[in-house]
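There are 2 protein chains.
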Amino acid sequence: MSIPSPIPHIALSVDCVVFGLDDADLKVLLVERRLEPYGGEWALPGGFVHIDESLEQAARRELSEETGVTKLYLEQLYTFGACDRDPRERVVTVAYYALVRRGNYDVHGASDARRAAWFPVAKLPSLAFDHAAIVRVALARLKAKVRYQPIGFELLPTKFTLTALQRLYETVLEMPLDKRNFRKRILAMKLLDELDEWEQNVAHRAARLYRFNERKYRRLTESGFNFEV
Amino acid sequence: MSIPSPIPHIALSVDCVVFGLDDADLKVLLVERRLEPYGGEWALPGGFVHIDESLEQAARRELSEETGVTKLYLEQLYTFGACDRDPRERVVTVAYYALVRRGNYDVHGASDARRAAWFPVAKLPSLAFDHAAIVRVALARLKAKVRYQPIGFELLPTKFTLTALQRLYETVLEMPLDKRNFRKRILAMKLLDELDEWEQNVAHRAARLYRFNERKYRRLTESGFNFEV
Chain A
1 MSIPSPIPHI ALSVDCVVFG LDDADLKVLL VERRLEPYGG EWALPGGFVH
51 IDESLEQAAR RELSEETGVT KLYLEQLYTF GACDRDPRER VVTVAYYALV
101 RRGNYDVHGA SDARRAAWFP VAKLPSLAFD HAAIVRVALA RLKAKVRYQP
151 IGFELLPTKF TLTALQRLYE TVLEMPLDKR NFRKRILAMK LLDELDEWEQ
201 NVAHRAARLY RFNERKYRRL TESGFNFEV
Chain B
1001 MSIPSPIPHI ALSVDCVVFG LDDADLKVLL VERRLEPYGG EWALPGGFVH
1051 IDESLEQAAR RELSEETGVT KLYLEQLYTF GACDRDPRER VVTVAYYALV
1101 RRGNYDVHGA SDARRAAWFP VAKLPSLAFD HAAIVRVALA RLKAKVRYQP
1151 IGFELLPTKF TLTALQRLYE TVLEMPLDKR NFRKRILAMK LLDELDEWEQ
1201 NVAHRAARLY RFNERKYRRL TESGFNFEV
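Going down the list, the protein sequences come from chains A and B.
Reading the first sequence from the start, the letters are residues 1 to 229 in the numbering used here.
Reading the second sequence from the start, the letters are residues 1001 to 1229 in the numbering used here.
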């Protein structure tokens, strides 16, 4: 019988990749670090996990403290554990990600963040640690995810046009979609209820409004979606 | 300017959910724990991460030490961090999972494992810690994954019948599939090369053999698969 060796302990952090949409583009929420290492540089909001909080609680606390953002659906992304990813010592980080509508949040830097701001995913500044790699993994996951889970329920107004929904998908996927093909596929999923209402106050011909069928939306979110683009 | 607080440190472990297939059923590789806590109980192979190894290195080392299993594709599953998941102290665990052909591996308990053995997923013994929940998450991930990534390349012989491929999917999904529908969908993906060869030494009418088109297989693995069942 061997003698149990002492349990090793490692610094554990959380980092949050919050993607923010509006009608035109996809951005990521970053903070300017107040402290060393990487003082004055941009990074993902995050910090060390306290011994008495769950990983998701830590992610929510750090995001709230550093950016003011609360009340969002955070999903665990991946755990990054390369031995040399932090210059201080070994730090393993559990990354979370979210997709929100930017207009719903008022962001402001505080605590360890001198500033907080949205940056276009295509034009990120140089990032601290391995945060550029974490953003890349999160973006790939987000794009893969919209193929097997519908999006839009929390991101569009209750009633919307098919053009608005297409623009949402185009923004997340960062690519143009064929209008006829998009409509055919989305309508075939019976995800939407067609309303006898049309958009108001537009110069062009008013487009029909749709609404998500919440039951069908929830079912597709759980069971798989298969949206091929 | 606040003074940086000391960095908290937490015990970090890895656990491996290795699913093993043969022609008939899906099993999970478990070890009987030699040490407390949960001494004498079954658990996932795993252990603490050393300060100088990556998370995947730790998972491979523990799996090899406790079961003799090496040379397999391990994918990160999820990180479980509830504060009370270990009776000793706070332990956060990064879970990995894999799907292998059981016949390719000779398992034997060693190190902290008194025994190592395969258990049918439908008939698991009571498991230590939150390992039953980890297995459930892994099984759900595996079933979701076969819908957007093809399986079989490392799990079937080079040449196989459509019946053998269907049986593989049925075993992983733990549900029967309609034969005609399965064939139609699989062939439509152009994932397979049809051979002018037939199975040998069978009592029934010999079935045609197929082979994976490796280029197409790799492409579908990366880009998404959309296998609806």
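Quick reminder that beta carbons are idealized off the backbone N, C-alpha and C, glycines included.
Among 1227/B, 1098/B, 1142/B and 1123/B, nearest to residue 1182/B - alpha-carbon criterion: Ranked by how close their Cα comes to the Cα of residue 1182/B, the residues 1227/B, 1098/B, 1142/B and 1123/B have 1227/B in first place.
Just to confirm before moving on: does the CB-CB distance between residue 31/A and residue 58/A stay below 8 Å? no
Can you tell me whether DSSP reads residue 232/A as helix, strand or coil? Lying outside 1 to 229, the shown extent of chain A, residue 232/A is not represented and no answer is given.
Cβ of residue 1083/B less than 8 Å from any chain A Cβ? The Cβ of residue 1083/B sits closer than 8 Å to at least one Cβ of chain A.
Against residue 1054/B, what residues of chain A qualify as contacts under a CB-to-CB distance less than 7 Å, listed in chain order? 81, 82 and 83
Using C-beta distances below 8 Å, list every residue in its chain close to residue 1213/B, excluding the 5 sequence neighbours before and after it, in chain order. For residue 1213/B, where only same-chain residues beyond five positions count, the Cβ hits under 8 Å are 1190, 1191, 1192 and 1193.
Unbroken beta strand (DSSP E) run spanning residue 93/A, endpoints: 91 to 101
Close beta carbons around residue 1098/B, own chain, < 8 Å, minus the five adjacent residues each side: Correct list, in chain order: 1016, 1017, 1018, 1019, 1072, 1073, 1074 and 1075.
Exposed or buried, which one is residue 51/A when buried takes at least 16 other CB atoms within 10 Å? exposed
Nearest to residue 1199/B (by Cα), restricted to the options 1157/B, 1218/B and 1008/B: Of all alpha-carbon atoms in 1157/B, 1218/B and 1008/B, the one lying nearest the alpha-carbon of residue 1199/B is that of 1157/B.
Would you be able to state if there are at least three C-beta pairs under 8 Å between the region 127 to 135 of chain A and the region 36 to 55 of chain A? Flag = yes, the region 36 to 55 of chain A and the region 127 to 135 of chain A touch.
Helix, strand or coil at residue 50/A [DSSP, three-state]: coil
Buried or exposed for residue 87/A, going by 16 or more other Cβ atoms inside 10 Å? exposed
With 9 Å as the limit, tell me which residues of the region 183 to 205 of chain A have their beta carbon closer than that to any beta carbon of chain B; keep them in chain order. none
Sort 1084/B, 1053/B, 1146/B and 1060/B by Cα distance to residue 83/A and report the nearest one. For residue 83/A, the closest alpha carbon among the candidates 1084/B, 1053/B, 1146/B and 1060/B is that of 1053/B.
Could you tell me whether any Cβ in chain A is nearer than 8 Å to the Cβ of residue 1129/B? Chain A, which has no Cβ nearer than 8 Å to the Cβ of residue 1129/B, makes this no.
For the beta strand (DSSP E) containing residue 1019/B, list its first residue and its last residue. 1009 to 1021
Nearest-angstrom Cα distance between residue 22/A and residue 40/A? Taking the CA atoms as reference points, residue 22/A sits about 28 Å from residue 40/A.
Can you check whether the C-beta of residue 1007/B is within less than 8 Å of a C-beta belonging to chain A? Yes - at least one Cβ of chain A is within 8 Å of the one on residue 1007/B.
Residue environment, residue 202/A, which counts as buried when at least 16 other CB atoms sit within 10 Å: exposed
Listed by chain order, chain B residues near residue 318/A by CB distance under 7 Å: One cannot answer for residue 318/A here, as it falls past the ends of chain A, which runs 1 to 229.
Leaving aside the five residues before and after residue 1160/B along the sequence, list all residues of the same chain whose C-beta is less than 7 Å from its C-beta, in chain order. 1209 and 1210
Report the residue from 1063/B, 1150/B, 1143/B and 1163/B whose alpha carbon sits nearest the alpha carbon of residue 1222/B. 1150/B
Leaving aside the five residues before and after residue 1112/B along the sequence, list all residues of the same chain whose C-beta is less than 8 Å from its C-beta, in chain order. Excluding positions up to five away in sequence, the list reads 1031, 1033, 1034, 1035, 1047, 1065 and 1066.
Quick one: using the 10 Å Cβ neighbour count with 16 as the cut-off for buried, is residue 206/A buried or exposed? exposed
Taking Cβ-Cβ distances shorter than 7 Å, what residues in chain A pair up with residue 1051/B? 8, 10 and 90
Count the other C-beta atoms from every protein chain shown that fall within 10 angstroms of the C-beta of residue 1095/B, then say buried if there are 16 or more, exposed otherwise. buried
Using the beta-carbon of each residue, which ones in chain A are nearer than 9 Å to residue 1097/B? Against residue 1097/B, chain A offers no close residue; the least beta-carbon distance is about 14 Å (beta-carbon pairs closer than 9 Å).
Taking CB distances under 8 Å as the criterion, tell me whether residue 76/A reaches chain B. yes
List, in order along the chain, the chain B residues whose C-beta lies closer than 9 Å to that of residue 94/A? 1079, 1081, 1092 and 1094
First and last residue of the beta strand (DSSP E) that includes residue 117/A? 113 to 120
Quick check: the Cα distance between residue 1123/B and residue 1114/B, rounded to an integer number of angstroms? Distance between the alpha carbons of residue 1123/B and residue 1114/B is about 20 Å.
For the beta strand (DSSP E) holding residue 29/A, just list the boundary residues, first then last. 26 to 33
Below 6 Å CB to CB, which residues in the same chain sit around residue 110/A once its five sequence neighbours on both sides are set aside? none
Which runs of the alpha helix (DSSP H) at least 4 residues long sit entirely within the region 159 to 187 of chain A? Give them in chain order. 162 to 173
Grouping DSSP H, G and I as helix and E and B as strand, with all else coil, what is residue 128/A? coil
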